[in-house]
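In the working numbering, the protein residues as written are 1279 to 1621.
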Ligand code: AMP
Ligand code: MG
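The following block contains the structure:
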């Protein structure tokens, strides 16, 4: 073939490739499921149908709960750790869970114990899991408010410093138990991100309860929009986060699980220093960062710490934070101001 012919052929081929790239159709796949005792919604943009099995995402999250995180499911990694507490034998766990526990113990320390993955005995005493998500179930079943003595006893079985991580194994003292309720949804977002990243989807937004992951781009070029729930009216938003690319966002709020007894409101985010629901002057904390587990853990930790100390912790982790206080005032880190638009 002569040089001129070769160049001509190359030009024709490149033209065909470009035309083809232009006509690739990006499909939108959406699903809403109930997983981890909460609602998960998924929107995925991709040109390849096989990449978009939203049911695989549901299975992945359900599997994470069954095999790893749930303290209720006999045989899950956390249930095995809890069952072996006090036996003197460490429980060998998966590399992923071990790595996650290392992150969580570090955060427990960095938060001065405001975040504590051994809060289980206190959460169990309050029967937090018996409270309905997002509604006041008082009247539907008797609510048990623990006595101070009961709280003191349960608290004596909590202390993240006593969790032993060594050579891939986890060991707890007698009577202690792990509770990963504060981070399960964020960990789920991390796993969904890894799954979708390997599928080369063009864009996706997946929520699991109060945690969300955004990945890549929307086909129309517009930004991802994440609403921040109004604690006084959970069907409304106090504002919207406008994001581009991959991010993890988690919100902890006192409206998610609570009961009211004799006019007193008890919610599900506990202060490990007192054993009572945290009263730190905030109603919700939203964290934006590059990790699901950290966004979820930090939102819980910052709720317990309150605005000033919470803001400092978020900044130390390079995360953006937004606080809605009990008066309805909104305060946030500088980076959050760039992406938040108040309603
Ligand atoms: P979140 O809604 O993500 O803030 O998580 C709240 C859940 O985490 C509760 O239902 C408890 O299971 C657990 N939890 C409550 N208080 C704490 C705390 N101070 N540290 C760690 N986990 C907590
Ligand atoms: Mg959390």
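C-beta atoms are modelled at their ideal positions from N, C-alpha and C, and glycine is treated no differently.
The model shown is predicted, which means the values in this text are computed figures rather than measured ones.
- 8 angstroms or more divides the Cβ of residue 1464 from the Cβ of residue 1376.
- Within the DSSP secondary-structure output, residue 1508 pairs in a beta bridge with 1511.
- CA-CA distance, residue 1352 to residue 1473, rounds to 26 angstroms.
- Annotation for residue 1344: 1351 and 1354 place their beta carbon closer than 7 angstroms to its own, counting only its chain and skipping 5 residues before and after.
- Secondary structure of residue 1520 (DSSP, three-state): strand.
- In the three-state DSSP reduction, residue 1358 falls in the helix class (H, G or I).
- Shown here, residue 1494 sits in a strand according to DSSP, grouped into three states.
- The three-state reading of DSSP puts residue 1597 in coil, since its state is none of H, G, I, E or B.
- Take the alpha-carbon of residue 1442 and the one of residue 1514: they are about 43 angstroms apart.
- Of the heavy atoms belonging to ligand 1, at least one sits nearer than 7 angstroms to the Cβ of residue 1582.
- Cβ-Cβ distances below 7 angstroms link residue 1378 to 1465 and 1571 in the same chain, with the five nearest sequence neighbours on each side left out; the list follows chain order.
- Residue 1387 and residue 1302 have their C-alpha atoms spaced approximately 50 angstroms apart.
- In this structure residue 1424 is not in contact with residue 1458, their Cβ atoms being roughly 22 angstroms apart against a cut-off of 8 angstroms.
- Around the CB of residue 1578, 16 or more other CB atoms lie within 10 Å, so the residue is classed as buried.
- Note that the C-beta distance between residue 1567 and residue 1597 is below 8 angstroms.
- The continuous stretches of beta strand (DSSP E) do not include residue 1464, which lies in the alpha helix (DSSP H) extending over residues 1462-1475.
- Straight-line spacing of the CA atoms in residue 1601 and residue 1389 works out to 17 angstroms.
- Bounds of any alpha helix (DSSP H) do not take in residue 1608; it lies within the beta strand (DSSP E) bounded by 1608-1610.
- For residue 1312, the uninterrupted beta strand (DSSP E) run begins and ends at 1305-1313, by DSSP.
- With the criterion CB distance below 5 angstroms from any heavy atom of ligand 2, the matching residues run 1460, 1530, 1574, 1577 and 1578 along the chain.
- Contact between residue 1576 and residue 1470 fails: their C-beta atoms lie close to 19 angstroms from each other, not under 8 angstroms.
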